[in-house]
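If you read the sequence shown in this note's numbering, its first letter stands for residue 39, the second for the next number, and so on.
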Amino acid sequence: MAKEAPVRYVCSNCGFSTVTRTGKCTSCGQWGTFEAVNPTAERSAKYAGVKVEVVNSVSVKPPKRLSSGIGEVDRVLGGGLVPGGVVLIGGQPGIGKSTLLLQVGGKVASQGTHVLYISGEESAAQVALRAARLGVSSEKLLLYCGGDLEDALSHISSQSIGLFILDSVQAVKAPEEAGWPGTPNQVRAVAQMAVDAARAADVPAVLVGHITKDGRLAGPMLLEHMVDTVLTFSGEGYSSHRMLRAMKNRYGNTDELGIFEMRESGLTPVEDKSGLYWNRSDAAVPGVAMTIAMEGSTPLVAEIQTLASPTTFPYPKRTSRGIELNRFQLLAAVLEKRAGIPCGGCDLYLNIAGGLSIQDPSADLAACVSLASALRDKPLRGDCCYLGEVGLAGEVRPVTRILTRLKEAERLGLRRAVVSGKERGEIWGLEGSAGMTIRHINSLSDALSEMFS
Ligand SMILES: Nc1ncnc2c1ncn2[C@@H]1O[C@H](COP(=O)(O)OP(=O)(O)OP(=O)(O)O)[C@@H](O)[C@H]1O
Ligand SMILES: [Mg+2]
């Protein structure tokens, strides 16, 4: 037998809806205003008058975004928070989700917007202590510490809230649904209530989500579909740096990367991102080659290091950190076959300094030349970067956004770049204006003659 939807009670004064009939409305404070509503009749009334429209005839205005007050966060969001839009942020325990959102709340409040921070995990004293440490203080930043989401959301209209933050969807309870907070049904109901509240009040909302041991957002997959933007906040245990990325964004692209440093005073955006991964050393060491990778619109200088160690074992070892192992093995095979540099008698190890991971094929050429340099035991020029995708025929192909990459290389003091011969037209601007020497090559063999000349 189908389960009947529970009867709802709607306040005739303010329209607040609940499943529990109370004498006093928790939203407007009026007594005896609740009226029972039949859910079936309510649903029919809701859809009565909904008509089909021609897409072009629907009047739309570009959303007026609300700045989070932190440039890195705005960039990852695609330009700021969108009214009615819901952002879900997930990350490891202790990574700094609450810290980041309290800082965002403080910045938005200091711009004159009322912010409601709903904390289901921490007491008011804990949040206040963190706020004092981070230097967050604004009369417009309001705090609700408790587990009843319906009660918490009732303050949105009464306090003219312009942004609400829910920390976290696993820690609060939706009264309509049975079960403990954090169970799949509860998480779904909590997220739905938050999404409905954001849409109804036309205010942005940011929800915190826990993650599972394998790094996925905890709760039903539906959670990620319900919200407009999903962000991940991550970092390595040994480092104080934290990365903010968008996994899904209905209001912007998902390529941008925000980098922060965790300090006692909170999360500080890192301006010089390339500097994080590159420590220029004066000693020329064989097997080291520079490239410029793109993380969204951010160019990052990457130092590819390769070590070749002779072995007598019939199956030499291949280890790669920062570039996918299969890609590294493929590049070693291309180097051997197309450029005539034998790799079979050596164990090969590749590492990208600073723990950077590159998916972009533009690092192929740098990986090949660093490998050739290690195998021949000859260092490369320290002021040169290599940009190109290497094909199975040993050809070197152009990369995207070459001008942005070369400008970053120049900013960091590199003076030479080896790029694909097909790039010629695109980098005319840089050659005309800057002091970089650009070498065009068509194949891996050309690159090797260029580097060992
Ligand atoms: N006094 C301090 N100085 C420097 N860093 C601190 C200090 N106090 C806390 N931190 C940093 O803040 C982190 C905790 O941040 P936060 O509570 O925002 O994480 P969270 O992602 O919300 O965690 P949880 O999932 O447990 O809620 C700590 O792991 C630590 O790195
Ligand atoms: Mg937290």
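Cβ coordinates follow ideal geometry from the N, Cα and C atoms, glycine included.
The structure displayed is predicted, hence computed values, not measured ones.
The closest heavy atom of ligand 2 lies 7 Å or more from the beta carbon of S272. Apart from the 5 residues on each side of it in sequence, S198 sits with its Cβ closer than 7 Å to the Cβ of H152 in its chain, given in chain order. Runs of beta strand (DSSP E) with 3 or more residues, each lying fully within the region 280-324, are found at 295-301 and 304-307, listed in chain order.
Within the chosen limit of 7 Å, ligand 1 does not reach the beta carbon of S335 with any heavy atom. Judged by DSSP secondary structure, R449 falls within the alpha helix (DSSP H) whose first and last residues are I440 to R449. A buried status is given to S358, since no fewer than 16 other beta-carbon atoms sit within 10 Å of its beta-carbon. Taking 4 residues as the minimum length, the alpha helix (DSSP H) runs contained wholly in the region 84-133 are 109-115, in order along the chain. Here the distance from the Cβ of E159 to the nearest heavy atom of ligand 2 is below 7 Å. Residue pairing by DSSP puts E73 in a beta bridge opposite V48. Inter-residue distance for M231 and T71 is about 22 Å (C-alpha atoms, whole angstroms).
Contiguous alpha helix (DSSP H) elements confined to the region 180-214 occur at 187-191 and 193-196, taking only those with 4 or more residues. Residue environment: N291 is assigned as exposed (fewer than 16 neighbouring CB atoms within 10 Å of its CB, all protein chains considered). For secondary structure counted as the alpha helix (DSSP H) over 4 or more consecutive residues, the region 346-397 holds these complete runs in sequence order: 363-377.
Following the DSSP letters along the chain, one finds S272 inside the beta strand (DSSP E) bounded by residues T267 to S272. The beta carbon of S136 sits closer than 7 Å to at least one heavy atom of ligand 2. One alpha carbon belongs to V326, the other to G109, and they sit about 34 Å apart. Restricting attention to beta strand (DSSP E) runs no shorter than 3 residues, the region 138-169 encloses them at 153-157, ordered along the chain. If you check the C-beta of E299 against ligand 1, you find no heavy atom less than 7 Å away. G378 counts as exposed, since fewer than 16 other C-beta atoms from the protein chains shown sit within 10 angstroms of its C-beta. Proximity of the beta carbon of E302 to ligand 1 is indicated: a heavy atom of the ligand is located closer than 7 Å. DSSP lists no beta-bridge partner residue for P222.
Residue pairing by DSSP puts H478 in a beta bridge opposite V457.
Non-local beta-carbon contacts of A190 in its own chain, meaning distances under 6 Å to residues more than five positions away in sequence, involve I156 and Y182 in chain order.
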